[in-house]
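First comes the structure, then the notes that go with it.
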Amino acid sequence: MNRVIFYLSFMLIANAIKAQTTNHGIDVNWYQTPKAAATITGAISSMNSVGGSVANAMVVKSNGTVVIFYRQGGQNKWTQSADGGNTWTSPGTLYAPAANGLTTISADIDQSDNIYITWKSGDFSLGFAKYNGVSWVTTNTINTITQTAADTVQFSQITLDRKNRIHLMWQQGNHQNYSSGIKSTCWYARSTDNGNNFNIAQISDNSLANYHAAFPVADFGGTSSDTLMIAWRENVNGCGSSMPSMCSSNGWNWDVKARITYDGGATWNPVFILEGSGINNSDDDQWDPNLIVDKNGIIHAFYHVYHNITLPDYNANIIYKYSVNGGNTWSIPIQISTTNVRSHLIKTAYDFSNNFVWCIWKDEMDFGNITNNPQADLKTVYIQNTGTPFIGSQEFITDHGSSEVAFHNFKVGDDGIMRATYNISKIQGKGDTILYTQRSLLTTGASEILVSDIAKLYPNPTTHQINIVLNDNYINETYVIKIYNSQGQLIDERKHNSTPIQLNTSGVYFVEISNVKSRQIHKVIRQ
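The sequence shown begins at 345 in the working numbering and counts up by one.
Next comes the structure, spelled out in C-alpha cells:
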C-alpha cells in the first residue's frame, strides 16, 4: 500500500462556524496531551511564572533533540528533550549575559548543530552568542546607531541562511508610544564572519515622521538564495493617538511593508507595500507578518487582517501571499483561516527536508463568550508550493477549553517532525508551565495514510450525481465524505450513506473519504 499525501486546491478554507463553548478537539496527528517542558514551583505570580517568546526561540538538532528558550521571572532559561518531550534536561550552562538579558531570547541553528542566540542586552544594544554544543565560542554586542530615550531596543529576531550568514532584525522605539515626534523603527544587521562583526542598516523608511514601524521578521533557515526579504507592519497614516478613532473614523491604518535584497543582505532595495493602501484610510489593517524564503527561492508571506471600524474584530483573517520570482510579482491574497472566527497572531516554520511551509495562528472561535478571555487555541495548515500552492486542511494543535494559549513557538527538524511550545496565559500572558507538543510525520503518519481502495465512485464522468459504495474491507468502518470544488472550497460534507451526491454545476470536483486511519481522494468530472 503506497503512502501518499494529497493536497487539496490552494483555496481550501473550512466552512464558517459559529462561536461556541464546546471543545473542538485536537487533530489526530498531534499529541492528544501536551508534555510539560518546564514548570514553576510555588504559587504563580508576576515574578514566579514562565513564558515563551514572540520571536523564534526553538531549535532542533540533526538528531531530533529539541532545545527551547523561555523566560522564568526575570531570567532566561533553556531546556532540551531527546525523546519527544517525555523528559527534559539542561543543554548546559546558558551564557550568563543572555540568562540575565532584558528580554526573551531568539534562537536559530546551523547545519552543524551550532546554536545562535540574540537578546536585548541594554537599552541600545543586542547581545549575540554562539554555542558549539560544549561552550559559548563567539559572543558579541551590537550597539544601535541611534540612541535616544524614545529609541530603545524592543523586539528582536535571529535567522541563519544556508550559507551561514547571520541575520538580525529588531525594532527600536515603542510602537504604542503616541507622543508627538515619536516613532518606532525597524533595523537589520548581517554577519558573514561567524558573528564577529555585524553591519547595521535601517530597513524601515526614515523619511516618514511619526509613522510607527514594528516587528520585522523573516526566516531564511531553508534558503541559500541571495534574494531575501524582511517584512514588518507600519502605521501609514501617522496616527498619534492611542485611540484610533481620534485620527479618523477608520483608525490607525497599519499596512505590511517590506524590503528585498538581491545580494544576501549587503544592500536593500527601497521599501514597498506588500499589502495595504499606503495613506488611504479606507482599507483594513494588515498586521504582524511572518515570512519564509524556501529552498527554491519562493517567498511565502503571511499576515492577519483586522477589518476597519470593528473593535474588537470578531472576524480577523489569516492571509497568505507568495512570489515565485524574487518579489517582482505577487499572488493574489489567499485566506487560509476560517471565516467568521477571530484568527490572528501568526507564526511560521519551514520543513526543509520535505519543502513544506507551516503557518500557525491563534484561533479564537469562542472570542467574546467570556469577558477578557479570548479562549485562544492554536490552529495550523501546511503548504507545499513549487509554483502553484497546495494547502492542507486546518488542524487544531491544542484544545484548552476556556483557557488561552500564549507565546507559541514552532520548529521543524531534519526529521520532518513539526514541534510546538506554548504556555497557558494566567498572568499577563505568562503561565506556570511551558507545554510541548509535536505532530506525526506529514509524509508517513500512520493515521493519515492515503489508500486507493476504500470505495468506488460512479459514474465518473457524471452528468448530475455520483454514487459511493464502500469496498468489503471497509464496509464496517465509519467515514466522513467531503466534496470540494476546483477552488478547494468545501461544498458538502456528510457521514457515509448510500444517498447519491448531487453535483449541480459542470466542472472538476474532489471527493475525500476519510476517518482517523485512512483517506481516499477521487477526482470527479461533472459534464
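Even for Gly, the Cβ is constructed at its ideal location relative to N, Cα and C.
Computed from a predicted model, the values in this text were never measured in an experiment.
Bridge-paired residues (DSSP) for residue i
i	result
asparagine 767	Ala750 and Ile778
histidine 866	Val855
glutamate 619	Val600
glutamine 416	Val394 and Gln419
glutamine 424	Val411 and Thr433
tyrosine 694	Val701
aspartate 836	Ile827
alanine 380	Leu779
histidine 688	Lys706
aspartate 452	Tyr460
Integer-rounded CB distance, given that residue j should sit under 8 Å from residue i
i	j	result
asparagine 420	isoleucine 449	5 Å
isoleucine 636	alanine 602	That pair is no contact at about 13 Å.
phenylalanine 285	isoleucine 704	Absent from the model: residue 285. The displayed extent of the chain is 345 to 871, so no value can be given.
glutamine 498	glutamine 515	4 Å
glutamate 739	tryptophan 374	7 Å
isoleucine 459	valine 403	6 Å
threonine 605	aspartate 563	Between aspartate 563 and threonine 605 the Cβ distance is about 15 Å, and since that is not below 8 Å, they are no contact.
glycine 690	tyrosine 647	In the sequence as presented, glycine is not what sits at residue 690; that position holds isoleucine. 7 Å between Cβ atoms; contact.
tyrosine 694	aspartate 629	Contact flag wrong, Cβ pair sits at about 27 Å.
N-terminal and C-terminal residue of the alpha helix (DSSP H) that residue i is part of
i	result
proline 633	Here proline 633 belongs to no alpha helix (DSSP H); instead the beta strand (DSSP E) covers 629–637.
alanine 562	Careful: alanine 562 lies outside any alpha helix (DSSP H) and carries neither H nor E.
proline 441	440–443
Terminal residues of the beta strand (DSSP E) in which residue i lies
i	result
isoleucine 704	700–708
methionine 573	572–579
phenylalanine 734	733–735
methionine 391	Looking at the DSSP string, methionine 391 is not in any beta strand (DSSP E), and its letter there is neither H nor E.
asparagine 829	824–829
glycine 851	851–858
asparagine 659	Asparagine 659 -> no beta strand (DSSP E), and no H or E assigned at all.
histidine 368	Here histidine 368 belongs to no beta strand (DSSP E), and DSSP marks it neither H nor E.
asparagine 543	543–546
leucine 801	799–802
histidine 644	643–650
isoleucine 727	721–729
valine 404	402–404
glutamine 809	809–814
Residue i versus the options, residue with shortest Cα-Cα distance
i	options	result
asparagine 392	Ala493, Gly775 and Ser858	Gly775
threonine 683	Tyr666, Ile676, Ala660 and Cys703	Ala660
proline 718	Asn400, Thr673, Ser687 and Gly525	Ser687
glycine 641	Gly608, Trp631, His651 and Asn652	Gly608
phenylalanine 700	Phe751, Asp759, Asp721 and Tyr650	Asp759
serine 397	Phe413, Ile544, Gly386 and Ala387	Phe413
tryptophan 432	Phe854, Tyr780, Pro844 and Arg870	Tyr780
isoleucine 869	Leu847, Phe734 and Leu470	Leu847
isoleucine 334	Ala493, Leu512, Val561 and Gly757	Beyond the ends of the chain as shown, which are 345 and 871, falls residue 334; an answer cannot be given.
leucine 618	Asn550, Trp596, Tyr802 and Tyr664	Tyr664
glycine 408	Glu821, Ile865, Asp457 and Ser675	Asp457
alanine 426	Ser406, Ala443, Gly445 and Val600	Ser406
threonine 383	Ala401, Trp422 and Gln376	Trp422
proline 378	Gly745, Ile741, Phe854 and Val855	Ile741
proline 560	Gln546, Thr571, Leu572 and Cys530	Cys530
threonine 806	Val852, Tyr726, Gln546 and Ser681	Val852
isoleucine 812	Ser469, Tyr666, Pro633 and Ile845	Ile845
aspartate 627	Val725, Asp599 and Thr605	Asp599
heavy atom of the ligand MG below 8 Å from residue i C-beta
i	result
valine 403	What this structure holds is no ligand at all, so the ligand MG is not there to describe.
Any C-beta of chain B under 9 Å from that of residue i
i	result
alanine 575	The structure shown has no chain B; it contains just one protein chain.
What are the uninterrupted segments assigned as alpha helix (DSSP H) that are 4 or more residues long and contained completely in the segment 461–541, given in chain order?
Whole alpha helix (DSSP H) segments, 4+ residues: zero.
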